[in-house]
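Here the protein sequences come in this chain order: H and C. Under the working numbering, think of the first position of the first sequence as 1, with each following residue one higher. Under the working numbering, think of the first position of the second sequence as 251, with each following residue one higher.
Number of protein chains: 2
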Amino acid sequence: MSASVTSRALALLGAFDADHRSLTLSDMGRRAGLPLATAHRLAGELAAWGALDRQPGGEYVVGRRLWDLGMLAPVQAGLRQAASPFLHDLYGTTLATVHLAVRDGTKVLYLDRLSGHVSVPVVSRVGSRLPMHATGVGKVLLAYAPDDVRAEVLGKLTRVTAYTITQPARLLEQLRRVRGEGFATTGEEMSLGACSVAVPVRGADGDVAAALGIVVPDLRRERARLVSALQVAAHGITRTLSSMPSTQWK
Amino acid sequence: MSASVTSRALALLGAFDADHRSLTLSDMGRRAGLPLATAHRLAGELAAWGALDRQPGGEYVVGRRLWDLGMLAPVQAGLRQAASPFLHDLYGTTLATVHLAVRDGTKVLYLDRLSGHVSVPVVSRVGSRLPMHATGVGKVLLAYAPDDVRAEVLGKLTRVTAYTITQPARLLEQLRRVRGEGFATTGEEMSLGACSVAVPVRGADGDVAAALGIVVPDLRRERARLVSALQVAAHGITRTLSSMPSTQWK
DNA sequence: ACTGAGCTTCCACTGAACGGAAGGCCATCA
DNA sequence: TGATGGCCTTCCGTTCAGTGGAAGCTCAGT
């Protein structure tokens, strides 16, 4: 059950994730399942190329060169580009943290995020994956996801805060409402002090291609205005997507 | 002069850049200096892990997993985060494409970019490096760069458009003006139909830490207003940076 | 049917990768 | 002060994974 050098080097890179952005050599080795001496040699090569950076303290972080490379990846590039101006507009009218997300398996993948001055506690980052059942954009994407995906997610609703919905029946009921009303909300289900509203973004073919959401400290007051701002933006994105070949964003 | 497997795999990744975002196997091999069979095997492993994606046509592109990883790289994370809300504000007041950039060697590295609805032809991308002498942010950063860097850049001023400044003396004169007036401008020097204004962003210690710029179709009319909006934003960023430990953004 | 460009597979040889072990460094604790 | 433990670095003899030329494949153009 030996592994190729390449896969070992990649395993070393794979040791980094949103919760482990800086690692000691030994941690990297442990997480990648590699002997220390091997990790040492490989990390050295990766760092020499710029895939890893070594910080003053000796810990490794993902290097600038991988950042460069990553920016070249066509991850929903068309969608992100089409959405970008509408996200700015949305930020302008709501002054709330704005999110653009798609479904990636059973998680929400954040494609873009604009964060404002007022920092409501927001855990998302561009490129991070969060559970679908505890976020606004997640609920939207879940509401329109294929049945098997929905079933899988409903199977294990992990608790994040005291307000996280962990009963499948209650979540199902909410998802029905989302489909009916066209928007989803959360109240401190992912992070205390943060509420959110989200709407679906449809592609030119009518399918839900993404979700658009905002995070605010309180939802009671302005819900109607926020929902309508979101819907205006979502329609704008759909319109832009309609004017480009579907291969660009599908 | 053989090379380690790791360095070969990395060379293969290194074949991708802003001008080569999708490559055939043979192109990758050629650019990386590897025999086809070797490129084939390595590309297969990289693709299996998700570092590369294979597109319908058979061409390779940078994969989603490298995008994920890249997002974890702490590339001026503190600066980007501090600047983010001010960039949005700036977009709100100018409705122009907004850029945040730093100097990387003798190039401008774009850290963030907000693009508006009106698409002035803009060549920059987040993560891309452009020549300093033909961009607004570049001129700002060059004006405050160490002498040896400035000398090197002045040594080869490559022409991009008919308006690109290629005479060292003229550029030097402009840089002097930039230091005096506190802002730089360009007029179609990088891309026809695009003018720009840029100002320095100073760190808490007073050193120029970055440059902030906007791109507009025409500069004659609103220059004063744009410069002042840029300066307001730049000061705001400086203020935010001052309130965090310098290790976070330096 | 022929040509050429690119992709995939095969396999015998070999030198690059391996990793245990030993040693260095620097905290922390008694 | 010396002992302990965690982490990093280097060394080196063994061996097995990586190599790449060559043959064959697919597909498009002519």
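The beta carbon of each residue, even a glycine, is placed where N, CA and C say it ideally should be.
query, result
"In chain C, what lies closer than 8 angstroms to Phe-16/H by C-beta?", "Leu-319 and Leu-322"
"Asp-19/H: buried (16+ other C-beta within 10 angstroms of its C-beta) or exposed?", "exposed"
"For Trp-67/H versus Ala-351/C, is the C-beta spacing smaller than 7 angstroms?", "no"
"Against chain H, with Cβ distances strictly below 7 angstroms, would Ala-333/C count as a contact?", "no"
"Got a sec, what are the start and stop residues for the beta strand (DSSP E) Gly-456/C sits in?", "It is not in any beta strand (DSSP E) - Gly-456/C carries neither H nor E in the DSSP assignment."
"Counting only Cβ-Cβ distances shorter than 9 angstroms, please list the residues of the segment 293-306 of chain C near chain H, keeping chain order.", "Glu-295, Leu-296, Ala-298, Trp-299, Gly-300, Ala-301, Asp-303, Gln-305 and Pro-306"
"Can you list, in chain order, the residues of the segment 271-283 of chain C whose Cβ is nearer than 7 angstroms to any Cβ on chain H?", "Arg-271"
"Three-state secondary structure (DSSP) at His-40/H?", "helix"
"For Ala-259/C, decide whether its Cβ has a neighbour in chain H, counting only Cβ atoms nearer than 7 angstroms.", "yes"
"Note down, in chain order, every chain H residue with its Cβ under 9 angstroms from the Cβ of His-290/C.", "In chain order: nothing, as chain H lies at least about 13 angstroms away."
"Let me check understanding here. Comparing Cα to Cα, which of Asp-468/C, Leu-391/C, Pro-306/C and Ala-384/C lies closest to Leu-272/C?", "What sits at residue 272/C in the sequence shown is Ser, not Leu. Ranking the options by Cα distance to Ser-272/C, first place goes to Pro-306/C."
"Give, in chain order, every residue of the segment 332-356 of chain C whose Cβ lies closer than 7 angstroms to some Cβ of chain H.", "Ser-334, Pro-335, His-338, Tyr-341 and Gly-342"
"With a 10 Å radius around its C-beta and 16 neighbouring C-beta atoms as the bar for buried, classify His-133/H as buried or exposed.", "buried"
"State the CB to CB distance for the pair Ala-9/H and Gly-33/H, rounded to an integer number of angstroms; the pair is presumed to be in contact (CB under 8 angstroms).", "Not really, about 13 angstroms apart at Cβ, beyond 8 angstroms."
"Cβ closer than 8 angstroms: which chain C residues qualify as neighbours of Val-62/H?", "Leu-319, Gly-320, Leu-322, Ala-323 and Pro-324"
"Can you tell me which of Ala-82/H, Val-140/H, Gly-92/H and Val-227/H puts its alpha carbon nearest to the alpha carbon of Asp-112/H?", "Ala-82/H"
"With C-beta atoms as the reference, is Val-403/C less than 7 angstroms away from Leu-391/C?", "no"
"Note down, in chain order, all residues in the segment 113-125 of chain H with a beta-carbon under 8 angstroms from any beta-carbon belonging to chain C.", "Leu-114, Ser-115, Gly-116, His-117 and Arg-125"
"Should the segment 364-379 of chain C be regarded as contacting the segment 76-90 of chain H, the criterion being three or more beta carbon pairs within less than 8 angstroms?", "yes"
"If we ignore side chains and look at the alpha-carbon of each, how far apart do Gly-463/C and Met-71/H end up?", "21 angstroms"
"Measuring CA to CA, which of Ala-484/C, Arg-471/C and Ala-253/C is closest to Pro-285/C?", "Ala-253/C"
"Between Val-255/C and chain H, is the shortest Cβ-Cβ distance under 7 angstroms, so that the two count as touching?", "yes"
"Among the residues of its own chain, which have a CB less than 8 angstroms from the CB of Val-376/C, if the five just before and after it don't count?", "Tyr-360, Leu-361, Asp-362 and Arg-363"
"Indicate whether at least one CB of chain C lies closer than 7 angstroms to the CB of Leu-241/H.", "no"
"Could you pull out every unbroken beta strand (DSSP E) segment of at least 3 residues lying fully inside the segment 308-356 of chain C, listed in chain order?", "310-312 and 347-354"
"Look at the Cβ atom of Ala-210/H, then the Cβ atom of Leu-79/H, and state whether they are nearer than 7 angstroms.", "yes"
"Taking only beta-carbon atoms, is Leu-316/C less than 7 angstroms away from chain H?", "yes"
"Write down the C-beta distance between Val-387/C and Ala-448/C rounded to the nearest angstrom, noting that I regard them as a contact closer than 8 angstroms.", "5 angstroms"
"Starting from the beta carbon of Leu-13/H, find every residue of chain C whose beta carbon is closer than 7 angstroms, and list them in chain order.", "Leu-319"
"Taking one C-beta from the segment 482-494 of chain C and one from the segment 437-454 of chain C each time, how about it: are there three or more such pairs within less than 8 angstroms?", "yes"
"Beta-carbon of Gly-463/C versus every beta-carbon of chain H: anything under 7 angstroms?", "no"
"Would you say Leu-154/H touches the ligand SAM, meaning its beta carbon is less than 6 angstroms from a heavy atom?", "Ligands in the displayed structure: none, and consequently the ligand SAM is not present."
"Determine the direct distance from the alpha carbon of Ala-15/H to that of Gln-424/C, and round the result to whole angstroms.", "48 angstroms"
"Name the chain H residues whose beta carbon is nearer than 7 angstroms to that of Gly-377/C?", "Trp-67, Asp-68 and Met-71"
"Rounded to the nearest angstrom, how far is the Cβ of Gly-92/H from that of Gly-355/C, given a contact under 8 angstroms?", "Not a contact, Cβ separation roughly 36 angstroms."
"Which of the three DSSP states is assigned to Gly-14/H in this structure?", "helix"
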